[in-house]
Amino acid sequence: DTAVSQTPKYLVTQMGNDKSIKCEQNLGHDTMYWYKQDSKKFLKIMFSYNNKELIINETVPNRFSPKSPDKAHLNLHINSLELGDSAVYFCASSQRESEQFFGPGTRLTVL
Amino acid sequence: ILNVEQSPQSLHVQEGDSTNFTCSFPSSNFYALHWYRWETAKSPEALFVMTLNGDEKKKGRISATLNTKEGYSYLYIKGSQPEDSATYLCAFSSGGYQKVTFGTGTKLQVIP
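Order-wise, the sequence lines are chains E and D.
Read in order, the letters of the first sequence are residues 50 to 160 in my numbering.
Read in order, the letters of the second sequence are residues 2 to 113 in my numbering.
The structure is reproduced here in C-alpha cells:
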C-alpha cells in the first residue's frame with residue numbers, strides 16, 4: 050500500500066495551460082505539504098496545510114493554489130503554466146511535527 | 002527566507018570509514034530539526050526528528066545530535082556501507098512545525 054501517492058507521475062504540457070497534480074495520503078496524517086525541487090535539486094516548500102491553517106511560501110506565484118477536498122487529499126492547481134514551472138513537485142504528509150512522508154514526485158515539463 | 006546550510010556539499014568515503022556532516026540553522030525561534038535520507042530516483046525518507054536542545058537520536062549505524070543554542074546538528078554514520086550512498090538533508094522548522102526550510106544537502110558516496 051502506497052502511503053503518499055501522487056498522480057500523474059509525469060506531466061508534459063504547453064505554456065499557458067492550466068493543470069492539476071493530485072496527492073493522497075492514507076496515513077491519517079493531519080498535515081500535508083507541497084514542495085518544488087528546483088533546478089539545483091533543492092527542495093523548497095510551497096504550501097503546508099492542516100485543517101486549521103494554510104501556510105503559503107510568499108515566493109510562490111499566485112498562479113499556484115492548493116485545494117483540499119478532504120483531510121487525505123491536497124491537490125496542486127497551476128494556472129497559466131510558464132516554462133519556469135518545469136520541475137519535480139513532491140507532496141508530503143505528517144502528523145503535526147513528526148517526520149514527513151513523501152510521495153514519489155511528479156515531473157512537470159512545460160513546453 | 003531562513004538560511005539552513007549543510008556542509009560539506011559532497012564527500013566520498015571508503016567502505017568501513019565513519020563520517021559526519023553538519024547542518025547549521027538560525028538559533029532563534031527554533032521548533033524542530035529533521036534529518037532525511039534521499040536516494041537517487043527515490044523520495045526523501047525520514048531519519049530523525051529532534052526538538053530539544055541536546056537531543057541525541059540513533060538508528061542502527063546512524064546517529065544525530067542537536068544544539069539549538071548555537072544552531073547546529075551533526076549526523077554521524079559509523080562504518081559506512083555502499084548502501085549509505087545518498088543525499089542527506091536536514092530540515093529546520095521555526096515558529097511552528099509547518100514553516101519548514103530544507104538545507105541544500107550533503108551528497109555522500111561510499112566507495113566499496
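Note that CB positions come from ideal geometry on N, CA and C, so glycine has one too.
What you are looking at is a predicted structure, and each value in this text was computed from that prediction instead of being measured.
For secondary structure counted as the beta strand (DSSP E) over 3 or more consecutive residues, the segment 56–113 of chain D holds these complete runs in sequence order: 57–60, 63–68, 73–78, 87–95, 101–103 and 107–112. Using a CB distance below 7 Å, no part of the segment 66–88 of chain D faces chain E.
DSSP places L123 (chain E) in the coil class of the three-state scheme, outside both helix and strand.
In the DSSP assignment, H13 (chain D) falls within the unbroken beta strand (DSSP E) covering S11 to Q15.
Looking at E:Q63, E:F96 and E:N100, the one whose alpha-carbon comes closest to that of G77 (chain E) is E:N100. Beyond the five residues adjoining it in sequence on each side, R112 (chain E) comes within less than 7 Å, by CB distance, of I127, N128 and S129 in the same chain, given in chain order. The DSSP-derived three-state label of L132 (chain E) is helix.
Each of D:I112, D:Y98 and D:T66 was checked against the Cα of S25 (chain D), and the nearest Cα belongs to D:T66. DSSP places M64 (chain E) outside both helix and strand once states are collapsed to three, so it counts as coil. Under the three-state reduction of DSSP output, V109 (chain E) falls in the coil class, being neither helix nor strand. Between the alpha carbons of S88 (chain E) and K59 (chain D) lies a distance of about 33 Å.
Nearest CB-CB separation between P27 (chain D) and chain E: not below the 9 Å threshold. Cβ atoms of Q74 (chain E) and V53 (chain E) come within 8 Å of each other, at about 5 Å.
The straight-line gap separating the alpha-carbon atoms of R62 (chain D) and K79 (chain D) is approximately 5 Å.
N4 (chain D) carries a coil assignment under DSSP once its states are collapsed to helix, strand and coil. For K90 (chain E), the three-state secondary structure derived from DSSP is coil. Taking C-alpha positions only, T108 (chain E) is separated from S81 (chain D) by approximately 38 Å.
For Y59 (chain E), not one C-beta of chain D is nearer than 9 Å to its own C-beta. Residues of chain D with a Cβ closer than 7 Å to the Cβ of R145 (chain E) are, in chain order, Y98.
Taken through DSSP and simplified to helix, strand or coil, R145 (chain E) comes out as coil. Flagged as an interface residue toward chain D: I94 (chain E), by a C-beta distance shorter than 9 Å.
By the neighbour-count criterion, in which a residue is buried when 16 or more other Cβ atoms sit within 10 angstroms of its Cβ, E148 (chain E) is buried.
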